[in-house]
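**Q**
There are 2 protein chains.
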Amino acid sequence: MQSKFMPAAQPWTSPTKIVGPQIGGAHIAVTYERGQEIYAQGGSADKCYRVSTGAVRVCRILSNGGRQVVSFHVAGEMFGFEAGSQHRYFAEALALTRIVAFEQGLAQQRHLPELLALALEAMERAQEHLLLIGRQSAIERVATFLLDLCERLGGTRQFRLAMSRQDIADYLALTIETVSRAMSELKEQSIISLRHARMVDIRKPDALRSLCGHVAGLS
Amino acid sequence: MQSKFMPAAQPWTSPTKIVGPQIGGAHIAVTYERGQEIYAQGGSADKCYRVSTGAVRVCRILSNGGRQVVSFHVAGEMFGFEAGSQHRYFAEALALTRIVAFEQGLAQQRHLPELLALALEAMERAQEHLLLIGRQSAIERVATFLLDLCERLGGTRQFRLAMSRQDIADYLALTIETVSRAMSELKEQSIISLRHARMVDIRKPDALRSLCGHVAGLS
DNA sequence: CGAATCTTTGACAAGCATCAAGGGGTGTGG
DNA sequence: CCACACCCCTTGATGCTTGTCAAAGATTCG
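Just so you know, the sequences run in chain order A and B. Per UniProt numbering, residue 1 is the first one in the first sequence, and the count goes up by one each step. Per UniProt numbering, residue 1 is the first one in the second sequence, and the count goes up by one each step.
1) Can you confirm whether Pro-113 of chain A, when its beta carbon is compared against all beta carbons of chain B, has any partner nearer than 8 Å?
2) What did DSSP end up calling Gln-68 of chain A once you bin it into helix, strand or coil?
3) According to DSSP, Glu-37 of chain A sits in a beta bridge with which residue or residues?
4) Cβ of Gly-42 of chain B within 8 Å of Cβ of Ser-63 of chain A?
5) Work out the CA separation of Ala-101 of chain A and Val-30 of chain A for me, nearest whole Å.
6) For the UniProt domain "HTH crp-type" (136-206) of chain A, list the beta strand (DSSP E) runs that are entirely contained and at least 3 residues long, ordered along the chain.
7) Considering only C-alpha positions, which residue in the set B:Ile-192, B:Thr-178, B:Gln-36, B:Asp-201 is nearest to Leu-94 of chain B?
8) Would you mind working out which of A:Gly-154, A:Ile-176, A:Ala-207 sits nearest Val-74 of chain A, comparing C-alpha positions?
9) In three-state DSSP terms, what is Ala-122 of chain A?
10) If Gly-76 of chain B sits next to Val-58 of chain B, beta carbons under 8 Å apart, how far is it from one beta carbon to the other, in whole angstroms?
11) Opposite His-87 of chain B in the DSSP bridges: which residues?
12) What does DSSP give as the partner residue(s) for His-73 of chain A in the beta ladder?
13) Thinking just about the alpha-carbon of each residue, which of B:Leu-146, B:Arg-157, B:Met-78, B:Ser-164 is nearest to the one in Ala-122 of chain B?
14) Output yes or no for whether 8 Å exceeds the beta carbon distance between Arg-67 of chain A and Asp-170 of chain A.
15) What number of angstroms, rounded off, separates the C-alpha of Leu-161 of chain B from the C-alpha of Arg-198 of chain B?
16) Please compile the residues from chain B whose C-beta is within a distance smaller than 9 Å of the C-beta of Phe-79 of chain A.
17) In this structure, how does DSSP classify His-129 of chain A when only helix, strand and coil are distinguished?
18) By alpha-carbon positions, which one of B:Asp-201, B:Asp-167, B:Ile-202, B:Tyr-32 ends up nearest to Leu-96 of chain B?
19) Under the rule that 16 or more other beta-carbon atoms within 10 Å means buried, what is Asp-167 of chain B, buried or exposed?
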């Protein structure tokens with residue numbers, strides 16, 4: 001298998017609760033440490049969440065010991081709604097992250113159109129992700145990932161990766177070594193440069209875009 | 001690339017319109033020939049559909065000439081709702097197929113909860129599909145596909161595949177040759193038998209299930 | 001400064017794609 | 001009713017992409 005994904009030291013301190021700005025119904029802002037669980041696999045899926053600052057991974061452990069990262073979420077993005085009443089996936093903070101949680105119980109009645117739009121968007125992202133995994137080569141997947149992340153972070157050419165190579169590998173259905181090699185290849189071609197492993201600078205956005213083939217945007 | 005997927009002879013007769021049973025709002029039953037398009041990529045996504053009899057594939061053409069089959073749908077299943085107002089995928093009948101189309105315009109107001117549930121379910125299926133494509137070997141994918149199809153067809157051990165090897169390959173992100181080899185391997189191990197290429201008989205359901213690894217059900 | 005973790009790089013192997021050719025079933029015409 | 005043709009499927013040989021195993025370099029934090 002290809003995942004030794006548990007963060008080494010995970011101080012399991014209880015999250016700091018903060019009352020956040022009122023936006024729709026009952027909601028609470030919570031700050032999570034790096035590696036801390038936001039919701040558990042099997043837990044009741046009665047809330048949805050918005051990343052205020054920081055970043056989140058949503059994933060699932062496979063019976064063979066592997067892990068699939070289903071999606072990353074950065075500031076401003078919603079996550080956490082699922083089909084059943086129980087979470088089939090779990091969510092963790094990738095760094096110090098502030099999350100606003102929305103109760104779905106009562107709010108669901110009046111926010112159905114928004115929820116539907118969010119669900120459809122999530123569906124679309126899942127389908128784009130499928131295309132990426134199924135039809136693209138390793139370097140194409142990494143290029144698409146970087147470009148997508150760049151856009152979602154506001155379009156700055158320089159940004160910091162909140163996730164490890166292992167996280168990226170588990171998201172792109174590759175191994176950590178293959179992700180690393182793809183990064184090195186992009187660096188080799190001067191398409192990106194890396195101050196260090198987590199600091200990306202996109203030097204040739206067009207070249208990166210031309211590597212993506214056909215996939216537009218994804219989760 | 002790996003898809004020469006256009007059916008050979010495609011009699012482009014206009015579909016036969018039939019008034020179907022009243023179930024919710026305005027809806028029409030239409031019969032499609034094998035290979036006929038139900039909705040087009042780029043067309044307005046203002047309806048959703050239910051397979052009455054037959055089977056459907058939902059797919060997308062990639063810029064490299066390849067094709068990704070996103071989902072198959074058999075009798076009783078809903079399909080066709082998407083995030084935007086335009087279809088990003090297209091749907092075709094795999095055989096002589098009867099479809100009931102539901103107008104979404106007015107019905108959307110009163111059927112929001114159902115639509116939300118359908119969208120979430122579609123998202124879940126896409127995510128399961130993702131796991132299958134990203135983490136399973138060729139034979140595991142084929143085994144999972146067969147088992148899933150079997151269950152959705154009502155659990156009969158013998159059934160006819162409405163889709164070609166090419167369709168299956170494009171669904172599982174494999175080549176037609178690899179799908180064929182996987183089938184032969186399953187036949188070799190007496191896990192399935194094939195009267196002919198399209199007639200599957202599952203001889204050892206448990207053996208098939210043990211090949212699936214961890215994926216439960218998908219689209 | 002040193003320990004621990006994350007990342008990179010190399011060598012090798014395995015699985016799947018690709019290229020190529022041969023079988024089998026179905027439909028049409030003789 | 002048989003024969004031929006077309007399409008779909010199967011099987012084989014070979015090469016490439018990626019996974020696996022191994023070790024060394026880089027970064028962070030105490």
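We put the CB at the ideal spot given by N, CA and C, even for glycine. Treat the numbers as computed from the prediction; the structure is a model and nothing was measured.
**A** In short, the structure shows the following:
1) yes
2) strand
3) A:Glu-92
4) no
5) 8 Å
6) 158-160, 192-194, 199-202
7) B:Gln-36
8) A:Gly-154
9) helix
10) Actually they do not touch by this definition, with Cβ atoms about 16 Å apart.
11) Bridge partners of His-87 of chain B: none, in fact.
12) A:Val-56
13) B:Met-78
14) yes
15) 5 Å
16) Neighbours of Phe-79 of chain A on chain B: none; closest Cβ ~12 Å, over 9 Å.
17) helix
18) B:Tyr-32
19) buried
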